[in-house]
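This note's numbering applies: residue 40 is where the sequence shown begins, and numbers increase by one.
Quick reminder that beta carbons are idealized off the backbone N, C-alpha and C, glycines included.
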Amino acid sequence: MSSNYTIQIYETCSQTIQNSIMKHWFEEWSDSFMKDNISTVEQTKLFYEKIANKLVPIFALVDGNELVGTIRPDYRYGYFSCLFVVPKYRNIGCGKKLIQFVEKEFLAHGIDISTLQCENKLVPYYIKNGYSPTNNPSNKAFDRFCNKKDITLFQKKV
Ligand SMILES: CC(C)(COP(=O)(O)OP(=O)(O)OC[C@H]1O[C@@H](n2cnc3c(N)ncnc32)[C@H](O)[C@@H]1OP(=O)(O)O)[C@@H](O)C(=O)NCCC(=O)NCCS
C-alpha cells in the first residue's frame, strides 16, 4: 500500500471523490438504501449531506484524486460503520488502515472501546483485526442489535 494515501474528511474532498463515495456506497448497500426509499446515487448524496453530523463524520482514504476507501466513526458511542474499500484496492491493508485510524480517533476522543456490527460473513475479518463478538456490549445503545441472527456485534479495547 502506498504511503502517499491521505485521509480526508468528506466536506474537504473534491466533488469527484464525494460522488465516488456515494456511488460505491449506493452499489454496496442498495438494500439498506431502498428501505429509506433512496433509489439513486444523487438521493444518497443528498441524504448524507442532510444528516451531516460532526459527531459522525465521513472519512475517505484517498490516492491522488481516486477514492480508496471510507469509514464513519460515531464519537457518541465509539461505534464505526461504512467501512468500505474500492475493489481494486482490496487485500493490501487499506481496510486495516482505516480501522486503525478510527481506533486512534476514538482514543483521542477519550473512548477506549471500539464497537461495530457486521454480517456474519465478515466475522473472520474483524477477528483478524483484534475484535471479539459480544452479546453484552459495554454501551447499552447497542442492545437493539443483539438479537438479530444475521448480525454480529463486535468490540475491541483500543
Ligand atoms: C471488508 C473490507 C473493508 C476489507 O478491506 P480490505 O482493504 O480488502 O482488507 P485488508 O487489506 O485490511 O485485509 C485483508 C485481509 O483480510 C482478509 N479478508 C478480506 N475480506 C475478508 C472477508 N470478507 N472475510 C474474511 N477475511 C477477509 C483477506 O483475506 C486478507 O487476509 P491476509 O491479511 O491474511 O492476506 C472490503 O472487502 C470491503 O470494502 N468489502 C465490502 C464492504 C463491506 O463489507 N464492508 C464491511 C461492513 S461491516
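Taking the Cβ atom as the reference point for each residue, do Phe193 and Leu146 lie within a distance shorter than 8 Å? no
Is any non-hydrogen atom of ligand 2 found closer than 7 Å to the C-beta of Leu94, if you look at the structure I gave you? In the structure shown, ligand 2 is absent; the only ligands present are ligand 1.
Enumerate in chain order the residues of its own chain whose CB-to-CB distance from Tyr44 is below 7 Å, with the five nearest sequence positions on each side excluded. Leu100, Val101, Asp102, Val107
Anyone know if the C-beta pair for Tyr164 and Lys195 falls short of 8 Å? no
Determine the contact status of Met40 and Ile131, defining contact as a CB-CB distance below 8 Å. yes
In this structure, what does DSSP give as the bridge partners for Val124? Gly108
Return the CA-CA distance between Ile90 and Ile97, expressed in angstroms with no decimal places. 11 Å
Does ligand 1 have even one heavy atom less than 7 Å from the beta-carbon of Cys52? no
State buried or exposed for Leu122, treating a residue as buried only when at least 16 other CB atoms are found within 10 Å of its CB. buried
Helix, strand or coil for Asp102 per DSSP? strand
Would you mind listing the alpha helix (DSSP H) stretches within the region 141–192 that are 4+ residues and don't spill past its ends, in chain order? 162–167
The alpha helix (DSSP H) spanning Ile48 covers which residue range? No alpha helix (DSSP H) holds Ile48; the beta strand (DSSP E) holding it covers 45–48.
Once you ignore the five residues that flank Ser120 on each side, which residues in its own chain have a CB closer than 6 Å to its CB? Arg111
Take the Cβ of Ser42 as the centre, count every other Cβ of all protein chains shown within 10 Å, and call the residue buried at 16 or more, exposed below. exposed
When the Cα of Glu67 is compared with those of Thr109, Ile46, Ile56, Gln54, which residue comes out closest? Thr109
If you draw a straight line from the C-alpha of Val141 to the C-alpha of Tyr118, how long is it? 9 Å
Mind checking who Lys196 pairs with in its DSSP beta bridge? Ile152
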